[in-house]
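Here the structure comes first, spelled out in structure tokens, and everything after it is commentary.
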Amino acid sequence: GYMAEDAGFARYFAYLNLFVAMMLVLVLGASYPVMFVGWEGVGLASYLLIGFWFGERANADAGRKAFIVNRIGDFGFLVAMFLVFAQTGTLDYVGAHAALATAAPGVLAAIALFLFLGCTGKSAQIPLYLWLPDAMAGPTPVSALIHAATMVTAGVYLIARASAVFAGAPSVSLLVTVVGAVTALFAATIALRQWDIKKVLAYSTVSQLGYMFVGVGTGAYAAGVFHLVTHAFFKALLFLGAGAVIHAMHAAYHHAHDHASDAQDMRNMGGLSRHLPRTALLMWVATLAIAGVPPLAGFFSKDEILTSAFARAHGSPLADATLLGVPGSAILYVVYALGLVTALLTAVYMTRLMLLTFTGANRTGERAAAGLHEAPALMGVPLAVLGVLTVIGGWLNLPAVLPLGPSHLLADWLAPVTGVASQALAGEAHLSHATEYALIGTAIGTAVLGIVFAVLRYRQPVPRAVDAPAEQGVAALLHDAYRVDAGVDRAIVRPLAWLSASVLWRGIDRAIEGAYVHGSAALARVTGAAHDWIGRGDVGRYAWAFTIGLLLMLAAFTVR
Numbered sequence: 396g397y398m399a400e401d402a403g404f405a406r407y408f409a410y411l412n413l414f415v416a417m418m419l420v421l422v423l424g425a426s427y428p429v430m431f432v433g434w435e436g437v438g439l440a441s442y443l444l445i446g447f448w449f450g451e452r453a454n455a456d457a458g459r460k461a462f463i464v465n466r467i468g469d470f471g472f473l474v475a476m477f478l479v480f481a482q483t484g485t486l487d488y489v490g491a492h493a494a495l496a497t498a499a500p501g502v503l504a505a506i507a508l509f510l511f512l513g514c515t516g517k518s519a520q521i522p523l524y525l526w527l528p529d530a531m532a533g534p535t536p537v538s539a540l541i542h543a544a545t546m547v548t549a550g551v552y553l554i555a556r557a558s559a560v561f562a563g564a565p566s567v568s569l570l571v572t573v574v575g576a577v578t579a580l581f582a583a584t585i586a587l588r589q590w591d592i593k594k595v596l597a598y599s600t601v602s603q604l605g606y607m608f609v610g611v612g613t614g615a616y617a618a619g620v621f622h623l624v625t626h627a628f629f630k631a632l633l634f635l636g637a638g639a640v641i642h643a644m645h646a647a648y649h650h651a652h653d654h655a656s657d658a659q660d661m662r663n664m665g666g667l668s669r670h671l672p673r674t675a676l677l678m679w680v681a682t683l684a685i686a687g688v689p690p691l692a693g694f695f696s697k698d699e700i701l702t703s704a705f706a707r708a709h710g711s712p713l714a715d716a717t718l719l720g721v722p723g724s725a726i727l728y729v730v731y732a733l734g735l736v737t738a739l740l741t742a743v744y745m746t747r748l749m750l751l752t753f754t755g756a757n758r759t760g761e762r763a764a765a766g767l768h769e770a771p772a773l774m775g776v777p778l779a780v781l782g783v784l785t786v787i788g789g790w791l792n793l794p795a796v797l798p799l800g801p802s803h804l805l806a807d808w809l810a811p812v813t814g815v816a817s818q819a820l821a822g823e824a825h826l827s828h829a830t831e832y833a834l835i836g837t838a839i840g841t842a843v844l845g846i847v848f849a850v851l852r853y854r855q856p857v858p859r860a861v862d863a864p865a866e867q868g869v870a871a872l873l874h875d876a877y878r879v880d881a882g883v884d885r886a887i888v889r890p891l892a893w894l895s896a897s898v899l900w901r902g903i904d905r906a907i908e909g910a911y912v913h914g915s916a917a918l919a920r921v922t923g924a925a926h927d928w929i930g931r932g933d934v935g936r937y938a939w940a941f942t943i944g945l946l947l948m949l950a951a952f953t954v955r
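For the sequence shown, counting from 1, position 27 maps to 422 in our numbering; every step adds exactly one.
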């Protein structure tokens, strides 16, 4: 439905099916090398799909950026595999993990660190998160199916699959937890001041991936994978819903012959619920889910992660471990607090998105508004399916403390792989029912507070994008994503470009070219000239050459 009118329709589905095949290889392999084949395959498919509309320079650059940043992480994955093989002689999951059970703690920590480097690239965590916001240059279904639901969660999957390694390195697990929490908060603050509807969801994805890493970092592997699953439901729904909105906006501007206005800028929307009621309703369901409002799926998975972080602050190997000299118990309490703040910001920026897009006065323009229409069934039915899954997905892993639970379907299914490692990192950590209820109430109150604040803050009308004043101060800093891209450009890209051009090209390539290419040409010319001088058929010249040669030979014999 989204791609029906695109000239690259067949190419798009070829790439998409390549992605599906590689994703299956990634998750069905029984060894690290097979996973790595799928890991690289989805990276290739992602590159092809992000830069699908490569006729525009920005799209091609976004594809290249994703490819290059992921290669940095993949280097870490490769080194980890080399270390595993050097220690165990095998790369099969079962054999390698059994052999590593007796490995030295330093070896396990090194392997875990390099694996985590691979995860930060694939799953867009600090410092390798830079590619994911730009990945929104691809078609919207790509954003929904790859960059929200599947490929970017491969890093979370890898940590869960290698849980035996991370359980043996509590300090590295603490690092995973801290990086996840900081990434979650960092990306959530950026999402607060984005105007492009897909950019909001992109930074939201980075933030929610941070939650997943908090889950697997604290050893709550089932909770991390649980959030992976529920996030796939509500975030794919949000992306496809945003795609329906963008589709309607493009149709409206086409109807009005307006080719200048940005169809993805929320300042050009407003009041769309009157024209897209089904899309608005389903996106509100997904928004409440990601904000953590019960009984929707996002509430259960997010609450389980936060509760796990709080519980493991006492009585667990993580609490006894240290990171840069800081005790793990203090770190886990800070991680829990960061998770709560992120939950608050998530509710704020998602409610802001919905209010700017669907409520208030329409800012599309009178002529354009006449062209607004609901998405066709081909695009609407998948939204409904995802909406149902968003409502009922929490039943996969209900917590034991609830009267409806427990329903540990997901945890029981994962137990053969993650059960032992999860118990090892949990240790004696335990919470009373009263504490658990207090944590649940705190999580719900945080979500409600965020929604109420956003309603009060963003109910005022905003000007259209063309009339909007330039961002100032902190708002400009958040809108520019803390200008990290510009900093990386100045600190890394430009120095590398200068080094390549001034030293490697002019200093080395040109020197080699002068010495070998031009030198060999000069040698050929000299040799040719000598042959030309010798081979002219002048008998007198030959006689002189013969005489001189004979004298030289006689002199040599005499000296000898």
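All C-beta atoms in this analysis are idealised placements derived from N, C-alpha and C, irrespective of residue type, glycine included.
What distance in whole Å lies between the Cβ atoms of THR759 and MET664, which are believed to be in contact at a cut-off of 8 Å?
As a position in the sequence shown, residue 664 is number 269, starting the count at 1. As a position in the sequence shown, residue 759 is number 364, starting the count at 1. About 7 Å separates the two Cβ atoms, so the contact holds.
In whole angstroms, give me the CA-to-CA distance for PHE629 and PHE511.
Residue 629 sits at position 234 when you count from the first residue of the sequence shown. Residue 511 sits at position 116 when you count from the first residue of the sequence shown. Whole-angstrom Cα-Cα distance: 26 Å.
Excluding the five sequence neighbours on either side, which residues of its own chain have a C-beta within less than 7 Å of the C-beta of VAL847, listed in chain order?
Taking the first residue of the sequence shown as position 1, residue 847 is located at position 452. So no residue of the chain qualifies.
From the DSSP output, which residues share a beta bridge with PRO722?
Numbered from 1 along the sequence shown, position 327 holds the residue referred to as residue 722. THR717, per the DSSP bridge assignment.
May I ask which residues mark the beginning and end of the alpha helix (DSSP H) holding ALA472?
Counting from 1 along the sequence shown, the entry for residue 472 is found at position 77. Here the sequence assigns Phe to residue 472, which means Ala is not the residue at that position. 452 to 483 is the extent of the alpha helix (DSSP H) around PHE472.
On a CA-only basis, which of ILE929, GLY666, HIS626 and THR837 is nearest LEU791? Give me that one, please.
For the purposes of this step, residue 791 is taken as residue 396 along the sequence shown, with counting starting at 1. Checked all of ILE929, GLY666, HIS626 and THR837; the closest Cα to LEU791 is HIS626.
Assuming PHE634 contacts GLY789 (C-beta within less than 8 Å), just tell me the rounded distance between them.
Along the sequence shown, read from residue 1 onward, the residue named residue 634 stands at position 239. Along the sequence shown, read from residue 1 onward, the residue named residue 789 stands at position 394. Contact doesn't hold; Cβ gap of about 20 Å is too wide.
Which residue marks the beginning of the alpha helix (DSSP H) containing GLN603, and which one marks its end?
For this step, residue 603 is matched to residue 208 along the sequence shown. Element bounds for GLN603: 592 to 612.
With a cut-off of 8 Å, do at least 3 Cβ pairs link the segment 691 to 707 to the segment 606 to 619?
yes
With the cut-off set at 8 Å, would you say ALA824 and SER711 are in Cβ contact?
What you label residue 824 is simply residue 429 of the sequence shown in a count that begins at 1. What you label residue 711 is simply residue 316 of the sequence shown in a count that begins at 1. Yes, the pair counts as a contact, with Cβ atoms nearer than the cut-off.
So the candidates are ALA870, MET661 and SER895; which of them puts its Cα closest to the Cα of ILE585?
Counting from 1 along the sequence shown, the entry for residue 585 is found at position 190. Considering only alpha carbons, the answer is ALA870.
So what does DSSP say about ASP862, is it helix, strand or coil?
The residue you call residue 862 lines up with position 467 of the sequence shown. DSSP, read as helix, strand or coil, puts ASP862 in helix.
Got a sec, what are the start and stop residues for the alpha helix (DSSP H) GLN818 sits in?
Numbered from its first residue, the sequence shown carries residue 818 at position 423. Counting along the chain, the alpha helix (DSSP H) containing GLN818 begins and ends at 815 to 821.
Quick one: what's got a C-beta closer than 6 Å to VAL537's C-beta in the same chain, skipping five residues either side?
Counting from 1 along the sequence shown, the entry for residue 537 is found at position 142. Within the same chain, VAL537 has close Cβ partners LEU444.
Rounded to whole angstroms, what is the Cα-Cα separation between LEU784 and VAL688?
By one-based count along the sequence shown, residue 784 stands at place 389. By one-based count along the sequence shown, residue 688 stands at place 293. If you take the alpha carbons of LEU784 and VAL688, they lie about 15 Å apart.
Is it the case that the segment 581 to 601 contacts the segment 667 to 674, given that we only count it when at least three CB pairs across the two stretches are under 8 Å?
no
Beta-carbon within less than 6 Å of LEU751's beta-carbon, same chain only, minus the 5 sequence neighbours each way: which residues are those?
Within the sequence shown, residue 751 is the residue found at index 356, counting from 1. Closer than 6 Å at the Cβ level, and outside the excluded window around LEU751, lie MET661.
Under a Cβ-count criterion, where at least 16 other Cβ atoms within 10 Å of its own Cβ denotes burial, should THR953 be classed as buried or exposed?
For the purposes of this step, residue 953 is identified with residue 558 of the sequence shown, where counting begins at 1. Classification for THR953: exposed.
Compare the beta carbon distance of ALA637 and HIS768 with 8 Å and say whether it is the shorter of the two.
Residue mapping note: residue 637 aligns to position 242 of the sequence shown, counting from 1. Residue mapping note: residue 768 aligns to position 373 of the sequence shown, counting from 1. No. Outside cutoff.
Just confirm the distance between the C-beta atoms of LEU503 and ALA564, as a whole number of angstroms; I'd bet it's less than 8 Å.
Against the sequence shown, residue 503 aligns to sequence position 108. Against the sequence shown, residue 564 aligns to sequence position 169. The beta carbons of LEU503 and ALA564 sit about 5 Å from each other, so the pair counts as a contact at 8 Å.
Given a threshold of 16 other Cβ atoms within 10 Å of its Cβ, counted over all protein chains shown, does PHE408 qualify as buried or as exposed?
Numbered from its first residue, the sequence shown carries residue 408 at position 13. Answer is exposed; the Cβ neighbour count stays below 16.
Taking a contact to mean a Cβ-Cβ separation below 8 Å, would you say GLU435 touches ASP487 in this structure?
Here the question's residue 435 lines up with position 40 in the sequence shown. Here the question's residue 487 lines up with position 92 in the sequence shown. No, the pair does not count as a contact, with Cβ atoms beyond the cut-off.
Using the three-state DSSP reduction, which class does SER827 fall into: helix, strand or coil?
Counting from 1 along the sequence shown, the entry for residue 827 is found at position 432. Here SER827 sits in coil by DSSP.
Can you tell me the Cα-Cα spacing of MET678 and THR515, whole angstroms?
For the purposes of this step, residue 678 is taken as residue 283 along the sequence shown, with counting starting at 1. For the purposes of this step, residue 515 is taken as residue 120 along the sequence shown, with counting starting at 1. Roughly 29 Å separates the two Cα atoms.
Please work out which residues of its chain come closer than 6 Å, Cβ to Cβ, to SER696, disregarding the five sequence neighbours upstream and downstream, and give them in chain order.
Position 301 of the sequence shown holds residue 696. Hits under 6 Å: PHE621, HIS622 and THR625.
Evaluate MET476 with the Cβ neighbour count: other Cβ atoms within 10 Å of its Cβ, from every protein chain shown; 16 or more gives buried, anything less gives exposed.
For the purposes of this step, residue 476 is taken as residue 81 along the sequence shown, with counting starting at 1. So MET476 counts as buried.
For the segment 871 to 882 against the segment 600 to 608, are there 3 or more C-beta pairs whose distance is under 8 Å?
no
Compute the Euclidean distance between the alpha carbons of LEU805 and ALA860, then round it to the nearest angstrom.
Taking the first residue of the sequence shown as 1, we reach residue 805 at position 410. Taking the first residue of the sequence shown as 1, we reach residue 860 at position 465. If you take the alpha carbons of LEU805 and ALA860, they lie about 45 Å apart.
Hey, how far is the Cα of GLY501 from the Cα of ALA716?
Looking up residue 501 in the sequence shown gives position 106. Looking up residue 716 in the sequence shown gives position 321. Distance between the alpha carbons of GLY501 and ALA716 is about 14 Å.
Please say whether HIS650 and GLY840 have beta carbons closer to each other than 8 Å?
One-based indexing of the sequence shown puts residue 840 at position 445. One-based indexing of the sequence shown puts residue 650 at position 255. In this structure, HIS650 does not lie closer than 8 Å to GLY840 by Cβ.
For ALA675, which residues of its own chain have a beta-carbon under 6 Å away from its beta-carbon, when the five flanking residues on both sides are left out?
Translated into the one-based positions of the sequence shown, residue 675 becomes position 280. Cβ within range, chain order: SER668 and PHE753.
Given this structure, state the Cα-to-Cα distance separating ALA631 from THR545, to the nearest angstrom.
Taking the sequence shown and counting its residues from 1, one reaches residue 631 at position 236. Taking the sequence shown and counting its residues from 1, one reaches residue 545 at position 150. Whole-angstrom Cα-Cα distance: 10 Å.
Using the Cα positions of ALA917 and ALA925, report the straight-line distance between them to the nearest angstrom.
As a first step, residue 917 is located in the sequence shown; it is residue number 522 there, counting from the start. As a first step, residue 925 is located in the sequence shown; it is residue number 530 there, counting from the start. Cα to Cα, the separation comes out at about 12 Å.
Taking the alpha helix (DSSP H) that TRP808 falls in, what are its first and last residues?
Start at 1 with the first residue of the sequence shown, and residue 808 comes out as number 413. Per DSSP, TRP808 belongs to the alpha helix (DSSP H) from 804 to 809.
Tell me, please, which residues DSSP counts as bridged to SER426.
As a first step, residue 426 is located in the sequence shown; it is residue number 31 there, counting from the start. In DSSP, SER426 forms a bridge with ASP487.
Can you give me the start and stop residues for the alpha helix (DSSP H) that GLU977 sits inside?
With the chain covering only 396 through 955, there is no way to say anything about residue 977.
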